[in-house]
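Visitor: Let me begin by handing over the structure; questions about it come next.
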Amino acid sequence: MYTAKAYSAASKTSPLAPAKINRRDTTDRDVQIEILFCGICHSDLHQVRDEFSSLMPTVYPIVPGHEIVGRVTKVGPAVTKFKPGDLVGIGCMVDSDLTCPECRAGLEQFCPNMTLTFNSPDKHLGGTTYGGYSDSIVVDERFVLRVPANLNLAGVAPLLCAGITTYSPIHRWGDIKGKKVGIVGLGGLGHMGVKFAHGLGSHVVVFTTSPDKKEDALRLGADETVVSRNANEMQKHAGSFDFILDTVSAAHDINAYLAMLRRDANLTLVGAPQEPFAVNGLGLLFGRRNISGSLIGGIRETQEMLDFCGTHNITADVEVIPIQKVNEAYERLLRSDVKYRFSIDMASLKSESALARLETME
Ligand code: NAP
Ligand code: ZN
347 MYTAKAYSAA SKTSPLAPAK INRRDTTDRD VQIEILFCGI CHSDLHQVRD EFSSLMPTVY
407 PIVPGHEIVG RVTKVGPAVT KFKPGDLVGI GCMVDSDLTC PECRAGLEQF CPNMTLTFNS
467 PDKHLGGTTY GGYSDSIVVD ERFVLRVPAN LNLAGVAPLL CAGITTYSPI HRWGDIKGKK
527 VGIVGLGGLG HMGVKFAHGL GSHVVVFTTS PDKKEDALRL GADETVVSRN ANEMQKHAGS
587 FDFILDTVSA AHDINAYLAM LRRDANLTLV GAPQEPFAVN GLGLLFGRRN ISGSLIGGIR
647 ETQEMLDFCG THNITADVEV IPIQKVNEAY ERLLRSDVKY RFSIDMASLK SESALARLET
707 ME
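First residue of the sequence shown: 347, per my numbering; consecutive thereafter.
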């Protein structure tokens, strides 16, 4: 066991603050990684504030972060895929049983024994797993991804969650070339959804509550933008979509979007507001419409997504911040004020001011 530096929250009302945490020594199949960048996902904020309590209550202290990019520093004796110096990524999962039907289908995210990168029971050290707002992490090589060498690392980190969470449902839905695809919410997930749907040749329409994001939406690959608070703009698209991906993090009316689907078309939810949705059943019946959900993606598909991004030179648009600005970043996330993902430069955790604060904590 060794000590790593991290940022953690002590309760749902506490800010994130410097902390020291334990990490395990590498066992046979483990890879030790120096974390270079970690994206800030809205799920980090939801869990720091215990907003997923109905499904998975937060255990404190919590160290969030599941959009991790780093460099391998050490490997266990049985590791075959990685060596020190390799650039790698870690997403939302660090373990699963690898034997159940879900794992065998490459869908580890649905394994009943899956371990999340943070806030899951830690079967090695006891307590809970700690995530990527830290300078290092140790992960079983089967949950470590290869990062294409040609991509900007700060922009790669968000691919590990925002990237796969949008790539997976867009691909599963089928051939969307030439189809009309809606992306609801232009945040971390939404802007990746626009890039992928545009890259696959769809006619992309972005629904946003932020009129000032209209120009960016077009630059990112949208063909049209709609300000969702404008009823006239919304009305124009009734019954016209083949697929809608809803990435919104807060309560909103999804009936307005269900009404925009063609017959048999699908609205997939990836956003995870705390409050339940009120769905108008008749809106589904008329048009035989579908509503479904999607959760990240399996390890094999995440690697496929990273390789696709390497080939097509796709990364997230990021605002790089030092970790000392993480609490401010959370407040901005709540105001939809991020273009379009915060990526924490973990070198800042080594900086003198952070160190000084760490020492006063001890
Ligand atoms: P984000 O960067 O904060 O983006 C969310 C966007 O939703 C905002 O930028 C905003 O876009 C829109 N929005 C916010 N409040 C709204 C409101 N009251 N009404 C309508 N629109 C609103 O968040 P994110 O990191 O992309 O995550 C989005 C959601 O997905 C979160 O709930 C997160 O927990 C969830 N998530 C799910 C998975 C999964 O596997 N399913 C994975 C990762 C994250 P505009 O300014 O354009 O309106
Ligand atoms: Zn996430």
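Note that the Cβ used here is the ideal one computed from N, Cα and C, for glycine as well. The model shown is predicted, which means the values in this text are computed figures rather than measured ones.
1) Determine, using beta-carbon pairs with one atom in the stretch 461-479 and one in the stretch 370-389, whether at least three such pairs fall under 8 Å.
2) Please list, following the chain, all residues that have a C-beta closer than 5 Å to any non-hydrogen atom of ligand 2.
3) Within the stretch 617-701, note down every full beta strand (DSSP E) run reaching 3 residues or more, in order along the chain.
4) Helix, strand or coil, according to DSSP, for ASP562 in the structure here?
5) Roughly how many angstroms lie between the CA atoms of PHE589 and ASP486, to the nearest whole one?
6) Going by the DSSP bridge assignment, what does THR349 pair with across the sheet?
7) Under 8 Å by Cβ, that's how I've got THR475 and GLY422 pegged, so tell me the actual separation to the nearest angstrom.
8) Taking ASP441 as the reference, which of THR461, GLY431 and PHE428 has the closest Cα?
9) Consider the C-beta atom of LEU641 and the heavy atoms of ligand 1; say whether any pair is separated by less than 7 Å.
10) DSSP three-state call for THR512: helix, strand or coil?
11) Using the C-alpha atoms, what's the distance from ASN498 back to PHE413?
12) Apart from the five residues on each side of it in sequence, which residues of its chain come closer than 8 Å, Cβ to Cβ, to ASN496?
13) Do you know how far the Cα of ALA577 is from the Cα of LYS671?
14) From LEU564, ALA597, ASP558 and LEU607, pick the residue whose C-alpha is nearest to that of LYS582; which is it?
15) For the beta strand (DSSP E) containing ALA611, name the first residue and the last one.
16) In this structure, how does DSSP classify LEU704 when only helix, strand and coil are distinguished?
17) Take every Cβ of the stretch 630-638, pair it with every Cβ of the stretch 608-621, and state whether three or more of those distances are shorter than 8 Å.
18) From ALA451 to ILE436, what distance separates their C-alpha atoms?
19) Hey, how far is the Cα of ALA700 from the Cα of GLY585?
20) Could you check if LYS559 belongs to the surroundings of ligand 1, using beta carbon to heavy atom distance under 7 Å?
21) ALA352 to ILE669, Cα distance in whole Å?
22) Any heavy atom of ligand 1 within a distance shorter than 7 Å of the CB on PRO619?
23) When the Cα atoms are used, what is the spatial distance from GLU570 to VAL550?
24) Which residues share a DSSP beta bridge with GLN378?
25) Does the stretch 617-628 come within contact of the stretch 643-655, defined as at least 3 CB pairs closer than 8 Å?
26) Can you check the stretch 542-589 for any alpha helix (DSSP H) of at least 4 residues that lies completely inside it and give the ranges in chain order?
27) What do you get for GLU698, buried or exposed, if any count of 16 or more other CB atoms within 10 angstroms of its CB means buried?
28) Is the stretch 349-367 touching the stretch 400-409 in the sense that three or more CB pairs, one from each, lie closer than 8 Å?
29) Does the distance from the C-beta atom of VAL572 to that of SER548 stay below 8 Å?
30) Is it right to say LEU628 is buried, meaning 16 or more other beta carbons lie within 10 angstroms of its own, or is it exposed?
31) How would you write the range of the alpha helix (DSSP H) that GLU502 sits in, first residue to last?
32) In the DSSP assignment, find the alpha helix (DSSP H) that holds VAL390 and state where it starts and stops.
33) Drop a sphere of 10 angstroms on the beta-carbon of LYS696, count the other beta-carbons inside from all chains shown, and report buried for 16 or more, exposed for fewer.
34) For VAL594, is the beta carbon positioned less than 7 Å from some heavy atom of ligand 1?
35) Tell me whether MET692 is buried or exposed, calling it buried when 16 or more other Cβ atoms sit within 10 Å of its Cβ.
Guide: Concretely, from the data shown:
1) yes
2) Those residues whose C-beta sits under 5 Å from the nearest heavy atom of ligand 2 are, from N- to C-terminal order along the chain, CYS387, SER389 and CYS507.
3) 636-639, 664-668 and 687-691
4) helix
5) 36 Å
6) ASN368
7) 18 Å between Cβ atoms; not a contact.
8) Ranked by Cα distance from ASP441, the options THR461, GLY431 and PHE428 are led by THR461.
9) yes
10) helix
11) Looking at the sequence itself, residue 413 is Glu, so the reference to Phe does not match. Each residue's alpha carbon lies about 14 Å from the other.
12) GLY656 and ASN659
13) 37 Å
14) LEU607
15) 607-615
16) Confidence in LEU704 is poor, its pLDDT being 48 and thus under 50, which makes the residue's placement too unreliable to answer from.
17) yes
18) Taking the straight line from one Cα to the other gives about 20 Å.
19) Unreliable positioning characterises ALA700 in this predicted model, as indicated by a pLDDT of 47, which lies under 50. A coordinate reading is not provided.
20) yes
21) 9 Å
22) Answer for PRO619: yes, Cβ within range of ligand 1.
23) 7 Å
24) LYS420 and VAL484
25) no
26) 560-566 and 577-581
27) With a pLDDT of only 48 at GLU698, under the threshold of 50, the placement of this residue in the model should not be trusted; the figure read from the coordinates follows. Burial call: exposed.
28) yes
29) No; because the gap between Cβ atoms is not below 8 Å, this pair is not in contact.
30) exposed
31) First, the residue type needs correcting, since residue 502 is Val and not Glu in the sequence shown. Segment 499-502, the alpha helix (DSSP H) holding VAL502.
32) Reading off the sequence shown, one finds Asp at residue 390, where the question assumed Val. Its alpha helix (DSSP H) spans residues 388-394.
33) Under a 10 Å Cβ-count criterion, LYS696 is classified as exposed, with fewer than 16 other Cβ atoms of the shown protein chains found around its own Cβ.
34) yes
35) MET692 should be labelled buried.
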